[in-house]
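Using our numbering, the letters of the sequence shown map in sequence onto residues 450 to 901.
C-beta: ideal position from N, C-alpha, C; glycine also.
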Amino acid sequence: MFLYDNLPIYILMGLILITISIFVYIKLAFPFWNVQPVYHVYDFWRCLYSRPFRIYPRFHAGVKTRFCKADVVDVVPYVDATMEQKKAFVNLVQCYSLADEGVMCMFHLDNLDAYMNGHMYGSYLSFYKPKRYALGDGSLYAPEGGIYNGNDILYTRVDGEVLKEENPRGCVASRSGELVVRGHKEVVYWMDSLVVATGVATGVSTGVSTNERVKGASAVAKIQRELFETHVYKVGLIQWKELVEGAIGVWLFRRIGSLLSGVVPLVRFYRREYDIPNNPGFFKGVYPEHVVLVEISSANLRKMTDGLERCRGHFEIWGMMDEGCLVGLIRAGVIKVYILERKGDVLAMYFFRDMRMVVEGPERSGGAVLELAGSIYLEGGVGLFRRGFLGSLGEIVKKSPVYRRLCVDDISENGVLDFGEWYCLGQIQGAYYTWNLVATSGSSVTNSFMLF
């Protein structure tokens, strides 16, 4: 009888314990992302919103956590970046952006300039520079979480005055673009090249024990989190002070391979890598009368801009870098665009990107890597759309025979293309995520177009 009399109290205590357990689990399982303004997997109520919305409608200086480390992360507007800073950024990307030792990164200064210039809003670089302080006995003290070797030292006096800067141990970049999600338009910052230098402490070198590998991976993750949050916070603060109402408050980024735990992606996709067929006849096709394949260059950029304007409403999710940057990348040869048209009307568009990667190996298995960044099919039949793709790729390979591999994300209308006769080297997961923007899932990869 006593048990039944106190049943409501037991139920209440049970609910409280369950709530506390869930809260503790979230804090332990997602130490970084649970404090970030992202769409969490446990935010069940947010699926009730039909339209995308900002978590923080306006940026304010209070949006920061323990991961914000302004003392070790320097943010540099790209227009003010020195040649030494640009070289340091390129060096980090070249040496540490790829985990596969059989792949070389060919990213260089001209590529960096092409990506970071031509935007409506300022572009930014951030560098992670861990500090070492001189102690009274003349020894040096390194704060916890740093990755060092004997040659990288930040020389300081006991009072903290810096005598010599060490090389940065990590970097990240951001540039502006446009994101439209089911009619909701946002100017966003695209975050790219989040790279951390690895060394003995990361377990990359041979002869490192398991404990050292675990500690190294933990240190890299810590630096990545501090770089991410501090970069977003400092850039947001700069935007807020300079633009106030026009400040960019939404960020977009992509993960390839290991996806984020506890965060709902905006778009999830698969990336597949293919050997490009070594047969010129494979790419030849006959087009109907009045249908031509046109390569976009400085002389006919208007064709591309008119085509993009027409395609803007073709997808539920539309992400695009600023037009000035896209034009600069085309002129630099990084982005290659082809249009299939009939009497001036756009039938299809194909966007390729030089990934600035070279795979080491024998003549046919090794070579440069090309990416089909996106394709748009408007009219003219699926067969013609596929022939236009093969014709575009054939023209690129004819002009630059160094390309041996093609990466294809099954995003936009790449999935309409037929790769049944191609040799697939493998596939990997990928996803796009938003920071400070909640957009409920529902859009398929074929209804999404991203080019950043």
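Checklist entry - Relative to the ligand PLP, is the shortest distance from any of its heavy atoms to the C-beta of F481 smaller than 7 Å? => result The ligand PLP is absent from the structure shown, which contains no ligands of any kind.
Checklist entry - Nearest-angstrom Cα distance between R624 and K535? => result 15 Å
Next on the checklist: At the level of alpha carbons, what is the spacing between D731 and L839?
Outcome noted: Per the sequence presented here, residue 731 reads as Phe, with Asp not at that position. Distance between the alpha carbons of F731 and L839 is about 8 Å.
Checklist entry - Candidates E678, L686, G695, L833: which alpha carbon is nearest I788's? => result L833
Next on the checklist: Which same chain residues end up closer than 8 Å to R495 when comparing Cβ atoms and leaving out the 5 residues on each side of it in sequence?
Outcome noted: Y488, V887, T889
Next on the checklist: Run through the DSSP bridge pairs and tell me what M532 is partnered with.
Outcome noted: DSSP, once it has assigned bridges, lists no residue as partnering M532.
Checklist entry - Residues in its own chain within less than 6 Å of R802 by CB, not counting five upstream and five downstream? => result I784, E820, A822
Next on the checklist: Using 8 Å for Cβ pairs, my map puts V776 next to L757. What's the rounded Cβ distance?
Outcome noted: At roughly 11 Å, the Cβ-Cβ gap does not stay under 8 Å, so V776 and L757 are not in contact.
Checklist entry - Which value, in whole angstroms, describes the spacing of the CA atoms of N728 and G810? => result 20 Å
Next on the checklist: Less than 8 Å between the C-beta atoms of R761 and F481, yes or no?
Outcome noted: no
Item to check | Limits of the unbroken beta strand (DSSP E) element including S439 | outcome: In this structure the chain extends from 450 to 901, so residue 439 is not present and cannot be described.
Checklist entry - Does DSSP put A668 in a helix, in a strand, or in coil? => result helix
Next on the checklist: Buried or exposed for T647, going by 16 or more other Cβ atoms inside 10 Å?
Outcome noted: buried
Checklist entry - How many whole angstroms separate the CB atoms of G551 and V786, which I take to be in contact at a CB cut-off of 8 Å? => result No, G551 and V786 are not in contact; Cβ-Cβ is about 30 Å, not under 8 Å.
Checklist entry - According to DSSP, is A797 helix, strand or coil? => result strand
Checklist entry - Is the distance from the Cβ of L709 to the Cβ of Y505 below 8 Å? => result no
Item to check | Contact between the segment 717 to 724 and the segment 850 to 866 (3+ Cβ pairs under 8 Å) | outcome: yes
Item to check | S841 burial status per 10 Å Cβ neighbour count (16 or more: buried) | outcome: buried
Checklist entry - For F800, which of L628, S642, E744 has the nearest alpha-carbon? => result E744
Checklist entry - What separation, rounded to the nearest whole angstrom, lies between the Cα atoms of I766 and A797? => result 18 Å
Next on the checklist: In the DSSP output, what is M553 paired with across the bridge?
Outcome noted: V807
Item to check | Reference K848; option with closest CA among G782, T679, H568 | outcome: G782
Item to check | Runs of alpha helix (DSSP H) lying entirely within the segment 707 to 765, each at least 4 residues, in chain order | outcome: 750 to 760
Checklist entry - If we count the other Cβ atoms within 10 Å of its Cβ and call it buried at 16 or more, is R500 buried or exposed? => result exposed
Checklist entry - Where does E828 fall in DSSP's three states? => result coil
Checklist entry - By how many angstroms is the C-alpha of I877 removed from the C-alpha of P486? => result 27 Å
Checklist entry - If you draw a straight line from the alpha carbon of L676 to that of Y682, how long is it in whole angstroms? => result 10 Å
Checklist entry - Mind checking whether L547 and C620 have CB atoms under 8 Å apart? => result no
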